[in-house]
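One structure is given below, encoded as structure tokens.
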Amino acid sequence: MIRIAIVGFGTVGQGFAELLERKREEIRKKIGEFKVVAIADSKSSISGEFSIDEAIKMKREEGRLRDDRKADELIDEVDFDILVEATHTKLDGGSGLSYIKKALKKGSHVITSNKGPLVADFEGLMTLAEKKGVKLMYEATVGGAMPVIKLIKRYLAFCEIESVRGILNGTCNYILSRMEEEGLPYEQILNEAQELGIAEADPTYDVEGIDAAAKLIIIANTIGVDAKFEDVERVGIRKITPEAFNVAEEKGYTIRLIAEVSKETLRVSPRLVPLSHPLAIKGTMNATMFKTDTAGNIFVAGRGAGKEETASAMLSDLYDIYVSN
Amino acid sequence: MNEVLITLIVELEDRPGQLLKVLEPISKMGGNIVGIVHQRGKKTPLNRLPVEISFKIDSKKVERLIGSLRSSGILVRSFNEVKLTATTSVLLIGHLIHTDISDTIQSIDIDGEAECVEMHVSMPEISGPSTAIVTISAAGNERLKEAVEKLREICRRKKITMIEPINEDLV
Ligand SMILES: NC(=O)c1ccc[n+]([C@@H]2O[C@H](COP(=O)([O-])OP(=O)(O)OC[C@H]3O[C@@H](n4cnc5c(N)ncnc54)[C@H](OP(=O)(O)O)[C@@H]3O)[C@@H](O)[C@H]2O)c1
Numbered sequence: 037m038i039r040i041a042i043v044g045f046g047t048v049g050q051g052f053a054e055l056l057e058r059k060r061e062e063i064r065k066k067i068g069e070f071k072v073v074a075i076a077d078s079k080s081s082i083s084g085e086f087s088i089d090e091a092i093k094m095k096r097e098e099g100r101l102r103d104d105r106k107a108d109e110l111i112d113e114v115d116f117d118i119l120v121e122a123t124h125t126k127l128d129g130g131s132g133l134s135y136i137k138k139a140l141k142k143g144s145h146v147i148t149s150n151k152g153p154l155v156a157d158f159e160g161l162m163t164l165a166e167k168k169g170v171k172l173m174y175e176a177t178v179g180g181a182m183p184v185i186k187l188i189k190r191y192l193a194f195c196e197i198e199s200v201r202g203i204l205n206g207t208c209n210y211i212l213s214r215m216e217e218e219g220l221p222y223e224q225i226l227n228e229a230q231e232l233g234i235a236e237a238d239p240t241y242d243v244e245g246i247d248a249a250a251k252l253i254i255i256a257n258t259i260g261v262d263a264k265f266e267d268v269e270r271v272g273i274r275k276i277t278p279e280a281f282n283v284a285e286e287k288g289y290t291i292r293l294i295a296e297v298s299k300e301t302l303r304v305s306p307r308l309v310p311l312s313h314p315l316a317i318k319g320t321m322n323a324t325m326f327k328t329d330t331a332g333n334i335f336v337a338g339r340g341a342g343k344e345e346t347a348s349a350m351l352s353d354l355y356d357i358y359v360s361n
Numbered sequence: 329m330n331e332v333l334i335t336l337i338v339e340l341e342d343r344p345g346q347l348l349k350v351l352e353p354i355s356k357m358g359g360n361i362v363g364i365v366h367q368r369g370k371k372t373p374l375n376r377l378p379v380e381i382s383f384k385i386d387s388k389k390v391e392r393l394i395g396s397l398r399s400s401g402i403l404v405r406s407f408n409e410v411k412l413t414a415t416t417s418v419l420l421i422g423h424l425i426h427t428d429i430s431d432t433i434q435s436i437d438i439d440g441e442a443e444c445v446e447m448h449v450s451m452p453e454i455s456g457p458s459t460a461i462v463t464i465s466a467a468g469n470e471r472l473k474e475a476v477e478k479l480r481e482i483c484r485r486k487k488i489t490m491i492e493p494i495n496e497d498l499v
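Protein sequence lines correspond, in order, to chains A and B.
Numbered per the numbering used here, the first sequence spans residues 37 to 361.
Numbered per the numbering used here, the second sequence spans residues 329 to 499.
Structure representation (structure tokens):
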């Protein structure tokens with residue numbers, strides 16, 4: 037019986053719990069029996085006897101869970117095999133970092149969707165997991181449903197990865213591809229994206245390339261480039277004019293926010309992308325191109341965010357922990 | 329007309345007016361001077377000064393030009409065609425005019441081995457930011473990288489947003 041604790045019960049936490057419920061039968065066949073033994077949000081929790089449906093209903097109706105016990109104590113006091121961590125992103129790690137460390141120290145595996153802890157202390161967390169003989173899985177932190185981390189670790193295990201270039205922020209890609217289509221100024225398309233719920237009221241985190249840079253750091257560390265967030269040369273998309281797309285198009289290019297890591301480069305910046313290039317994708321899609329020595333170029337694309345997409349990446353991590361090894 | 333870029337090295341006597349004797353025939357034949365480099369430290373044993381001149385000219389006129397330089401007494405040490413084989417485009421956004429676009433563009437010239445070969449500026453409002461796509465050609469990828477690096481540096485200084493391509497062969 038795999039005992040799962042979930043900390044952070046917002047879009048992603050609930051999405052993962054729902055997916056566990058919906059795929060219960062297949063998970064049982066492919067991985068084994070499981071049980072969610074505890075759930076916590078920022079102020080409350082539930083443990084002991086409860087069902088996933090009941091917890092989700094409670095959270096949605098009352099905005100909280102049954103008990104006052106905090107996530108911290110829950111992790112200390114409840115026995116579980118896997119911690120699913122889906123709390124808010126804080127680039128200094130925030131409480132997510134301390135939850136993950138606690139869980140690893142206890143000897144449980146961790147699946148996280150939260151970039152913060154990995155950006156803050158990738159090396160430290162991996163070393164700790166290894167020392168404890170447990171897994172720290174983080175597919176959902178980069179590119180949502182688009183397979184990146186396990187692709188690197190498994191399929192490209194024996195490749196030298198010369199460069200990774202990707203579109204890692206759906207909000208920016210939406211804005212740029214809409215500017216390309218409509219010839220409208222940045223502000224106008226930003227408003228549209230905000231109305232559609234694609235961009236936040238304060239879009240800084242996305243449009244200044246901070247989110248993409250955080251993901252780039254996770255990819256960089258995964259391919260063995262020891263890099264910190266501050267090392268990323270970062271330029272956002274705010275200054276791009278509608279004319280930029282016209283003049284670029286005359287030369288056969290469009291513009292996308294590209295995150296790139298190679299031996300010489302670590303940067304997130306708007307780049308000219310040939311119109312026929314696979315990275316010239318549209319909408320909120322994410323895409324990544326790997327350049328390798330033996331496998332040539334590998335290209336993947338997929339939805340970079342969303343409740344189910346993110347949950348599906350986390351479920352693939354669960355599979356990996358128990359089956360692939 | 330097939331225009332080519334030529335680097336010509338001549339040895340001039342170190343007194344006024346000598347350089348003009350070379351430049352005039354080039355312009356007369358429709359050539360465009362791209363760069364002149366005096367190698368001041370490198371005087372020849374005969375006290376002559378090597379000067380490297382890059383210019384663009386119709387390929388058909390090269391032989392005739394060199395012939396006429398020689399017959400007018402100029403010591404031509406060498407001449408050869410520089411092939412600008414590597415090309416890329418970059419996009420610039422910002423106050424390009426206020427920050428002297430021609431100075432920005434000239435910064436990439438590397439002795440005639442890298443240069444801006446085409447530029448298209450779009451300026452919707454006088455006071456607003458303008459956008460330009462600049463095509464750079466260079467004699468090989470290394471030179472092209474150097475030129476792009478120079479441009480990146482000057483754009484950083486002038487607070488111009490520079491958007492580079494993701495082409496495989498570059499940077
Ligand atoms: N949404 C996506 O599509 C997506 C995709 C990939 C990755 N992610 C990442 O996944 C994480 C969760 O995203 P989300 O969209 O689910 O965010 P969300 O809806 O805002 O949910 C965040 C959850 O974390 C809880 N929380 C915050 N601080 C906490 C603390 N100190 N201790 C315990 N719980 C705490 C919140 O509690 P309350 O409910 O009490 O406020 C909430 O339940 C983020 O790091 C995000 O970057 C999201």
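Cβ atoms here follow ideal geometry from the backbone N, Cα and C, with glycine treated the same way.
With a threshold of 7 Å, the Cβ atom of A:G46 counts as near ligand 1, since some heavy atom of the ligand is closer than that. By the rule that beta-carbons nearer than 8 Å mark a contact, B:I436 does not touch chain A. Secondary structure in the stretch 242–317 of chain A: the alpha helix (DSSP H) runs of 4 residues or longer, each lying completely within the stretch, are 246–258 and 278–286 in chain order. By alpha-carbon distance to A:A107, the top candidate from A:S78, A:G129 and A:Y174 is A:S78.
In this structure A:V283 is in contact with B:T459, their Cβ atoms being roughly 6 Å apart against a cut-off of 8 Å. Using a CB distance below 8 Å, the part of the stretch 284–299 of chain A facing chain B consists of A284, E286, K287, Y289, I291, I294 and E296, ordered along the chain. By the Cβ criterion, the stretch 273–293 of chain A is not in contact with the stretch 179–194 of chain A, since fewer than three pairs of Cβ atoms, one from each stretch, lie closer than 8 Å. Inter-residue distance for A:P310 and A:E218 is about 19 Å (C-alpha atoms, whole angstroms). Membership of B:S458 in the beta strand (DSSP E) is indicated by the continuous run S458 to A466. One thing to note: A:L187 has its Cβ no nearer than 8 Å to the Cβ of A:V359. With respect to chain B, the C-beta atom of A:K275 has a partner C-beta closer than 8 Å. Using a Cβ distance threshold of 8 Å, B:I385 and B:E331 count as a contacting pair.
Residue-level contact by beta carbon fails for A:P314 and chain B, as no gap is shorter than 8 Å. Between B:K389 and the set B:L374, B:K478, B:T489 and B:E409, the nearest pair of CA atoms involves B:E409.
Chain B places no beta carbon closer than 8 Å to that of A:V184, leaving this residue out of the contacts. Taking 8 Å as the upper bound on Cβ-Cβ separation, chain A lies near residues T489, I491, E492, P493 and I494 of the stretch 464–494 of chain B. Nearest to A:A349 by alpha-carbon distance, out of A:V271, A:V120 and A:K167, is A:V120. Contact residues of the stretch 451–462 of chain B toward chain A are M451, P452, G456, P457, S458, T459, A460 and I461 (C-beta to C-beta distance below 9 Å). B:H366 has B:V379 as its beta-bridge partners, per DSSP. Only buried fits A:D353, as 16 or more other CB atoms lie within 10 angstroms of its CB. Judged by their CB atoms, A:M37 and A:E69 are nearer to each other than the 8 Å cut-off. Going by DSSP, A:T346 is part of the alpha helix (DSSP H) stretching over K343 to Y355. Residue contact check for A:A280 against chain B: a CB pair falls below 8 Å.
The beta carbon of B:H448 falls within 8 Å of a beta carbon belonging to chain A, placing the residue at that interface. Secondary structure of A:K138 (DSSP, three-state): helix. Counting every other CB atom within 10 Å of its CB across the protein chains shown gives B:E492 a total of 16 or more, marking it as buried. CA-CA distance, B:L348 to B:E339, rounds to 13 Å. The beta carbon of B:T463 sits no closer than 7 Å to any heavy atom of ligand 1.
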